[in-house]
């Protein structure tokens with residue numbers, strides 16, 4: 001029985017398509033901190049101040065996009081859409097606004113085709129930014145469009161080879177596509193990038209298990225259990241591995 005739960009890529013505002021300009025007002029930095037900390041209305045207060053004090057030439061579209069993110073965190077979808085409309089009116093090619101718009105559409109239950117349209121616009125605007133590919137790859141995996149997801153995640157991994165989440169998700173997409181040897185490579189990368197991550201060791205162990213590399217699989221199961229003693233999935237996989245070694249039974253593992 002195979003079960004995979006893949007790590008959701010982190011949503012990052014302001015990492016793509018930002019127009020250079022004067023330094024942002026201090027209120028903008030505070031607003032970002034409040035959004036991350038789950039205080040959207042405090043963030044909106046800071047953003048109101050930032051919009052009033054923004055220096056000439058500063059891209060206020062970034063402030064409007066962050067305001068939309070705060071409204072989304074507060075569950076205020078109508079206000080979020082209004083803020084995004086203001087951002088895109090100022091800067092139609094602002095990539096973070098496209099990403100946030102797609103997130104808003106997902107949150108309000110819009111058609112998946114419309115969400116994908118906004119994400120593909122973001123990819124077209126910033127083809128070398130890994131974050132836009134991660135958002136699109138996430139959507140494709142959610143829709144079980146595995147082969148398409150593989151291509152998108154591999155592109156993200158090429159652009160951001162040092163990111164653990166990208167490596168982990170690329171491995172998961174490859175595994176779902178039945179490309180186990182290639183998936184093993186990316187689970188190895190995930191372990192290298194975060195050697196203390198339980199899920200990475202567990203999944204690498206499971207993939208090695210599936211690929212017939214039983215001794216090495218046991219090593220990574222043991223490492224996962226050292227990090228999370230008694231973990232039920234790893235324990236079950238290790239028991240199946242022992243049964244396989246002793247009885248040459250079927251390879252039956254769980255991935256997380």
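Numbering (the UniProt record's numbering), first residue to last: 1 to 256. Beta carbons are placed, not taken as given, at the ideal position from N, Cα and C, and that holds for glycine.
Secondary structure note for residue 221: its alpha helix (DSSP H) is the uninterrupted segment 214-227. When the beta-carbon positions are compared, residue 99 and residue 118 come within less than 9 Å of each other. At the C-beta level, residue 226 and residue 190 stay beyond 9 Å of one another.
Excluding residues up to 5 positions away in sequence, 176 and 177 lie with their Cβ nearer than 6 Å to the Cβ of residue 146 in the same chain.
Looking only at 78, 237, 58 and 238, the smallest Cα-Cα distance to residue 90 is reached by 58.
Note that the C-beta distance between residue 135 and residue 108 is not below 9 Å. In the DSSP assignment, residue 108 falls outside any alpha helix (DSSP H) and carries neither an H nor an E.
Boundaries of the alpha helix (DSSP H) harbouring residue 181: 180-193, taken from the DSSP string. Check the Cα spacing between residue 239 and each of 218, 48 and 229: the tightest is with 218.
Excluding residues up to 5 positions away in sequence, 70 and 74 lie with their Cβ nearer than 8 Å to the Cβ of residue 41 in the same chain.
About 15 Å separates the beta carbons of residue 52 and residue 86, which is beyond the 8 Å limit, so they are not a contact pair.
Taking a C-beta distance under 9 Å as the contact criterion, residue 97 and residue 54 do not qualify as a contact pair.
By the Cβ neighbour-count rule, residue 181 is exposed, with fewer than 16 other Cβ atoms within 10 Å of its own. Following the DSSP letters along the chain, one finds residue 81 inside the alpha helix (DSSP H) bounded by residues 77-90.
Taking residue 170 as reference, the option from 221, 133 and 84 with the minimal CA-CA separation is 133.
Across the structure, residue 110 and residue 152 are spaced so that their CA atoms are roughly 22 Å apart. Short of 6 Å from the beta carbon of residue 164, and not among the five residues preceding or following it, lie these beta carbons of its own chain, in chain order: 190, 193 and 194.
In the three-state reduction of the DSSP assignment, residue 128 falls in the coil class, being assigned neither a helical nor a strand state. Boundaries of the alpha helix (DSSP H) harbouring residue 69: 60-73, taken from the DSSP string.
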